[in-house]
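S.K.:
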Amino acid sequence: MKASSNNLLSIIKGPRQFVIPIYQRTYSWQLVQCNQLLNDILRISNDSAVQGHFIGSIVYFQESIHTVSDVPKLLVIDGQQRLTTVSLLIAAIADFIKENAVEIDTSFTKLQNYYLINPEEDNELRYKLLLTRRDKDTYINLLKGIPRSEGMSQRIIENYDFFKSKINKENVVAIYSGVQRLFVVDVALEKEKDNPQLIFESMNSTGLDLSQADLIRNYVLMGQEVHLQTSLYESYWYPMEQGYGSEYAALFNSFMRDYLSVKTGTIPRIDMVYDAFKAYVIGGKAPDTISEVVKDIYTYSGYYVNMVLHKEPDKLLCGAFKRISQLRVDVSYPFLLPLYNDYVNEVISRDEFYEALCLVENYVFRRAICGIPTNSLNKTFATLYKSFDKANYMDGLKAAFLLLDSYKRFPNDTEFTTFLQTKDVYNFRNRNYLLNRLENFQRKEMVNISDYTIEHVMPQNPNLSHEWQEMLGEGWVEVQGKYLHTLGNLTLTGYNSELSDRPFQEKKSMEGGFDDSPIRLNSYLRRISSWNEEQILVRAG
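Going by this note's numbering, 289 is the number at position 204 of the sequence shown; the sequence numbering is gapless.
This is the structure:
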């Protein structure tokens, strides 16, 4: 490795091409970073005492594949954001000079030939900076002056336009002078001697911090030959990223934590996923080759996307995934991922997989109703899959749930019913899940409960009317206090304000009342003529 402090423009100048490897993230600097760079450039240009401004490092090694061209291809390990941003600024300066005929100690042609293109070369080798994916086409079209079109990289276009808007005849000389005084740590690696991954990790980058997902992607692809990098990225990693859509940045770290929980039996911290992944690969638990590791991640990521983003094509299974999401029990995924894998590989049938999903749903919901703390669920689900005999799969799975004891227990019917009759469901975080399941269970035509309002059959008003006091009996104060927000006293209606505090018989018979309601939750209310503690308990049980 050779490292030295060098002028950035002197590094770029001359026949060479900086290539951004295909696995690296796309250009991502925002306007705030561009504005900071421009302010630094103007500051140093106006201060003759400042010899230069350090903006970070450029780390690269020469590609091992030799061509007949004299232009060396330098694969960039760290520094893409700086190289791209400064190149966009130089392009903006060059275009401004060309369009405004200003006098400056350079020209459009010099800026192009020195810092943007290799003038003696053709095709992609003509460009000193070769970006990745659609960034590449956008940047090349920008240098060619090709009219813009849909699908171009917004970051490239917006940052170029930002620089162009800030350049004028009064400051163009100062900006170019400042660019000439930018310095970087120039780190040239020797591929056969240096470990690019270790060096990359040790760099104190001044660019945007890399996510755990970026680090993992770089780790699995950086050390591979270019042809294998391209194959693994295009066949597996890029399609995997696309599967998450706009949720990739938010969800991939969580997926990898759950994936590693499945593979290792331990749950890494979300900010330590990268370190846990390296330990998994190095420690001998992972498949033998990086190609197999990438393919396995791709497979499990597909399961995860189908569950979490509800892309499962089977409607019955997708419905179960949606309900599990509604219960907000993300900690169940380390258990569900291997179940999904067994379903795909026909170890269990579709009906058995659905039964297992319903079992998880039932377990989590019963515990919530019974008020059992959730802080043990992550460890319970992380170890549950390996705890039962797969020879008698479904019997073993059910037994594993039933054998959970103490704070891990699966509440039985008696415990569940007791809590369900007396729990404050109105202020329960899974209230809508419960009402939705009760209303739509086994329905073909689903009711959207969000179109309705929750109604208290026995009113919330502490000053109940004489009619309500008589119907509830002498202990009406205690009955209201104990059962007001319980399941038995709650229903759905589109006429909440009209029903208000009316007596029970009026709530039944009025226009829009319970007797006319198409809501299944109101069917019991249509059949009875009075409302008291007994009816509330019967309806809840």
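Where is the CB? At the ideal position from N, CA and C, for every residue including glycine.
Which term fits Phe139, buried or exposed, when burial requires 16 or more other beta carbons within 10 angstroms of its beta carbon?
M.R.: exposed
S.K.: Which same chain residues end up closer than 6 Å to Gly579 when comparing Cβ atoms and leaving out the 5 residues on each side of it in sequence?
M.R.: Tyr537
S.K.: Can you tell me whether Asp220 is buried or exposed, with buried defined as 16 or more other CB within 10 angstroms of its CB?
M.R.: buried
S.K.: Could you tell me if Pro419 is buried or exposed, where buried requires 16 or more neighbouring beta carbons within 10 angstroms of its beta carbon?
M.R.: buried
S.K.: Hey, Ala177 and Phe248: beta-carbon distance below 7 Å or not?
M.R.: A contact, by the Cβ cut-off of 7 Å.
S.K.: Exposed or buried, what is Glu596 when buried is set at 16 or more other beta-carbons lying within 10 Å of its beta-carbon?
M.R.: exposed
S.K.: Just to confirm before moving on: does the CB-CB distance between Phe473 and Ala485 stay below 7 Å?
M.R.: yes
S.K.: Quick one: complete alpha helix (DSSP H) runs, 4+ long, within the region 156-229?
M.R.: 165-185, 193-196 and 219-229
S.K.: Given this structure, state the Cα-to-Cα distance separating Ala625 from His570, to the nearest angstrom.
M.R.: Straight through space, the alpha carbons of His570 and Ala625 are spaced by roughly 12 Å.
S.K.: In three-state terms, what does DSSP make of Lys254?
M.R.: coil
S.K.: Kindly indicate which residue of Lys363, Thr465 and Arg266 has the alpha-carbon position closest to the one of Asp132.
M.R.: Arg266
S.K.: Could you name the residues of the same chain whose beta carbon sits closer than 7 Å to that of Gln620, not counting the 5 residues immediately before and after it, in chain order?
M.R.: The residues are Ile613.
S.K.: In whole angstroms, what separates the C-alpha of Ile182 from that of Asn256?
M.R.: 12 Å
S.K.: Once DSSP output is grouped into helix, strand and coil, what is the label at Lys348?
M.R.: helix
S.K.: Do His541 and Asn581 come within 7 Å of each other at the CB atom, strictly closer than that value?
M.R.: Not in contact: Asn581 and His541 (Cβ atoms no closer than 7 Å).
S.K.: Any idea which residues DSSP pairs Ser87 with across the strands?
M.R.: Per the sequence shown, residue 87 should be read as Lys rather than Ser. Lys87 pairs with Ala273.
S.K.: Helix or strand or just coil, what does DSSP make of Trp616?
M.R.: coil
S.K.: What does DSSP give as the partner residue(s) for Thr465 in the beta ladder?
M.R.: Answer by DSSP bridge pairing: none, since Thr465 is not bridged.
S.K.: Using only the alpha-carbon positions, how far apart do Ser113 and Ala298 sit?
M.R.: 15 Å
S.K.: Among the residues of its own chain, which have a CB less than 7 Å from the CB of Ser290, if the five just before and after it don't count?
M.R.: Annotation note: pLDDT 45 at Ser290 (below 50); position unreliable, coordinate value reported separately. Result list for Ser290: Gly141 and Asp163, in chain order.
S.K.: What does the alpha-carbon distance come out to for the pair Leu345 and Ala361?
M.R.: As the crow flies, the alpha-carbon of Leu345 is around 8 Å from that of Ala361.
S.K.: Would DSSP call Glu591 helix, strand or coil?
M.R.: helix
S.K.: In this structure, how does DSSP classify Glu397 when only helix, strand and coil are distinguished?
M.R.: coil
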